[in-house]
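With this note's numbering, you'll find the sequence shown wraps up at 456, consecutive numbering, no jumps. We put the CB at the ideal spot given by N, CA and C, even for glycine.
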Amino acid sequence: MKNAPVYKSRSGWNALLPERRPKTELPSERRFRSIVVGAGFTGLAIARRLAELVPGEEILLIEASTIGEGASGRNSGYLLINPGEPSANAADFAEDWAARQMAIAREGFQLLRSLVASQSIDCDWNETPLAITAAATPRVEKTARETRRTYEEWGLIPKEYDSHDLQRTTGTGYYRYGLQSLTRALVQPAALHRGLADSLPAAVKLLEGATVHALGKTAPFTVETSRGDFLADRLFIANNLHARSLGIARNRMVGIYTYGAFTPELDEREFEQLGEEADWGILPAHRMGTTMRKTGRRLLIRSGDSYEKELEPDEARRMLTGLYRNRYPHMRRHEFEHVWGGLTAVTHNGGFYFGRVQPGIYASVGCGGSGVVRGTIQGKLLAELACGVESPLLSDRLKIKGPIWLPPEPFRGIAARLQIAAEQRQAGRER
Ligand SMILES: Cc1cc2nc3c(=O)[nH]c(=O)nc-3n(C[C@H](O)[C@H](O)[C@H](O)COP(=O)(O)OP(=O)(O)OC[C@H]3O[C@@H](n4cnc5c(N)ncnc54)[C@H](O)[C@@H]3O)c2cc1C
Numbered sequence: 026m027k028n029a030p031v032y033k034s035r036s037g038w039n040a041l042l043p044e045r046r047p048k049t050e051l052p053s054e055r056r057f058r059s060i061v062v063g064a065g066f067t068g069l070a071i072a073r074r075l076a077e078l079v080p081g082e083e084i085l086l087i088e089a090s091t092i093g094e095g096a097s098g099r100n101s102g103y104l105l106i107n108p109g110e111p112s113a114n115a116a117d118f119a120e121d122w123a124a125r126q127m128a129i130a131r132e133g134f135q136l137l138r139s140l141v142a143s144q145s146i147d148c149d150w151n152e153t154p155l156a157i158t159a160a161a162t163p164r165v166e167k168t169a170r171e172t173r174r175t176y177e178e179w180g181l182i183p184k185e186y187d188s189h190d191l192q193r194t195t196g197t198g199y200y201r202y203g204l205q206s207l208t209r210a211l212v213q214p215a216a217l218h219r220g221l222a223d224s225l226p227a228a229v230k231l232l233e234g235a236t237v238h239a240l241g242k243t244a245p246f247t248v249e250t251s252r253g254d255f256l257a258d259r260l261f262i263a264n265n266l267h268a269r270s271l272g273i274a275r276n277r278m279v280g281i282y283t284y285g286a287f288t289p290e291l292d293e294r295e296f297e298q299l300g301e302e303a304d305w306g307i308l309p310a311h312r313m314g315t316t317m318r319k320t321g322r323r324l325l326i327r328s329g330d331s332y333e334k335e336l337e338p339d340e341a342r343r344m345l346t347g348l349y350r351n352r353y354p355h356m357r358r359h360e361f362e363h364v365w366g367g368l369t370a371v372t373h374n375g376g377f378y379f380g381r382v383q384p385g386i387y388a389s390v391g392c393g394g395s396g397v398v399r400g401t402i403q404g405k406l407l408a409e410l411a412c413g414v415e416s417p418l419l420s421d422r423l424k425i426k427g428p429i430w431l432p433p434e435p436f437r438g439i440a441a442r443l444q445i446a447a448e449q450r451q452a453g454r455e456r
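Rendered as structure tokens:
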């Protein structure tokens, strides 16, 4: 794998937006107080917070791709506040780990919400989404019901949906049980990503189309990029899985590609088959399952998992077409206008890598499949950690366990592929 992700197709979300001119102009200066590597949700939040905390400090934010084309612009647009695993390692944290993790995620949601409002970001922000976690098989229905009981223990009372409700709202009889998910908003992710990048404070210099290849080991740190070298007193690593190529979290994360597709705008007859609600989202109750959204006049479908290697677009299209057809057999056509792959950085225990790596170097990577809200809040907290700003939220975040060690290749790959194949088989109709 290269030093940065290079995808086989454009993000469908980004392709639906008007063309945007990437910021590729090299800065006149080469030395910065802080350099941030990676301009996904995490890197954007780091850079924004640094600019707020240290007025006058020039910050360079380096992005290998263009805004809207990384994972931050090719996800499914769910702003989730459910707690991530693992619980925690500190004794005083374990008891109410879920509440504290959700409090962290909620703060990330609030931050995005206030930025969308204050910067007038047009990203189809929908705070009253019909977002349901749905099960298609009796076995997974049982798990979903257990999840609901856990939510109740946390003081949440998610709404339940039977197969008739699901059929009516989403138009498919595929699912037998659903519960209201902990989604706080649905968005157009590429529009949100662009809006955040294009409204950064003036102190942040965004450089797109520059890949960081190597970092110096001592301060001031040399940052070698495809567009020349820079120097920084402080480094912030937010390039997700590719932090591995910079020597960070090398044996802690694996790359899992998953795939998204958009139908063309559907005609009236086909559109009616997607149920009576204007828009909705379905999240899978099984982790190898399929996400869907009815958005605009299109259906979005996301599914599939491949280890460290992106499927060919035709293969991804075939896989997603089959899943679409299974759910909506009565559609006249099962065509997609856009099909794309996206890379997630997955850890074995679900923990994210967050904190100070060595004096002057900080990292927040490995947000898995729910990093829109989490990446945002972790980015903000990482900048605060570096600037010595203390808060209960930061102290809670620092108590959460990080990702555990993974065996080297080829053992890692063999084990991961076997696990994916077994889980996919076990998922059966949930896929
Ligand atoms: C198909 C799909 C659906 C998803 N659905 C959801 C969802 O609904 N909700 C949710 O919360 N999450 C979802 N996710 C996960 C979410 O997209 C990620 O967790 C999130 O993007 C993580 O943000 P980040 O900023 O940490 O990393 P990224 O978004 O991966 O950003 C890192 C950036 O670093 C850049 N980079 C990498 N290497 C280098 C380098 N060497 N030099 C310079 N730049 C570099 C990359 O180009 C990238 O833009 C989904 C992911 C995929 C792929």
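Over the uninterrupted alpha helix (DSSP H) stretch that includes residue i, give me the two end residues.
i: residue 200; result: Taken as a continuous stretch (DSSP letters only), residue 200 belongs to no alpha helix (DSSP H), as it is neither H nor E.
i: residue 134; result: 122-143
i: residue 319; result: Where residue 319 is concerned, there is no enclosing alpha helix (DSSP H), although the beta strand (DSSP E) it sits in stretches over 316-320.
i: residue 350; result: 338-352
i: residue 423; result: 417-424
i: residue 25; result: Nothing about residue 25 can be read from this structure; the chain reaches only from 26 to 456.
i: residue 445; result: 436-452
i: residue 429; result: Counting along the chain, residue 429 falls outside any alpha helix (DSSP H), and DSSP gives it neither H nor E.
i: residue 73; result: 66-78
i: residue 294; result: 293-297
Among all the DSSP beta bridges, which residues are the ones paired with residue i?
i: residue 280; result: 370
i: residue 309; result: 159
i: residue 304; result: In DSSP, residue 304 forms no bridge with anything.
i: residue 386; result: 260, 383
i: residue 364; result: 286
i: residue 56; result: 256
i: residue 208; result: 105
i: residue 28; result: Bridge partners of residue 28: none, in fact.
i: residue 84; result: 59, 229
i: residue 151; result: 211
i: residue 378; result: 390
Just reading off the beta strand (DSSP E) that residue i is part of, what are its end residues?
i: residue 326; result: 323-332
i: residue 257; result: 253-262
i: residue 239; result: 237-240
i: residue 402; result: That residue, residue 402, is in no beta strand (DSSP E); its alpha helix (DSSP H) goes 396-411.
i: residue 250; result: 246-250
i: residue 185; result: 185-187
Using C-beta distances below 6 Å, list every residue in its chain close to residue i, excluding the 5 sequence neighbours before and after it, in chain order.
i: residue 221; result: 69
i: residue 344; result: 329
i: residue 269; result: 275
i: residue 432; result: none
i: residue 359; result: 346, 349, 350
i: residue 93; result: 39, 215, 218, 219
i: residue 203; result: 157, 159, 186, 191
i: residue 91; result: 47, 233
i: residue 264; result: 62, 63
Below 7 Å CB to CB, which residues in the same chain sit around residue i once its five sequence neighbours on both sides are set aside?
i: residue 150; result: 141, 210, 212
i: residue 456; result: 313, 314, 315, 328, 348, 449
i: residue 129; result: 402, 418, 421, 422
i: residue 352; result: 197, 199
i: residue 162; result: 453, 454, 455
With a CB to CB cut of under 8 Å and the five nearest residues on each side skipped, what residues in its chain are close to residue i?
i: residue 342; result: 286, 361, 364
i: residue 297; result: 196
i: residue 376; result: 109, 110, 111, 391, 425, 426, 427, 428, 429
i: residue 182; result: 176
Three or more C-beta pairs closer than 8 Å, one from the segment 253-273 and one from the segment 47-67: is that the case here? Result yes; three or more Cβ-Cβ pairs closer than 8 Å.
If we count Cβ pairs, one from each stretch, closer than 8 Å, do we get three or more for the segment 147-156 versus the segment 192-208? Short answer: they touch.
Examine the Cβ distances between the segment 206-217 and the segment 98-112 and report whether three or more of them are shorter than 8 Å. Three or more beta-carbon pairs drawn from the segment 206-217 and the segment 98-112 are found closer than 8 Å, and the two stretches are therefore classed as touching.
Three-pair Cβ contact test at 8 Å for the segment 231-240 versus the segment 34-45: With fewer than three CB-CB distances shorter than 8 Å, the segment 231-240 does not count as touching the segment 34-45.
Could you tell me whether the segment 300-308 touches the segment 402-421, using the rule of 3 or more Cβ pairs below 8 Å? Not touching, per the Cβ criterion.
Contact between the segment 397-412 and the segment 435-449 (3+ Cβ pairs under 8 Å): Contact between the segment 397-412 and the segment 435-449 is absent, because fewer than three Cβ pairs lie under 8 Å.
Decide if the segment 199-210 is in contact with the segment 155-174; the criterion is three or more beta carbon pairs, one per stretch, under 8 Å apart. Result yes; three or more Cβ-Cβ pairs closer than 8 Å.
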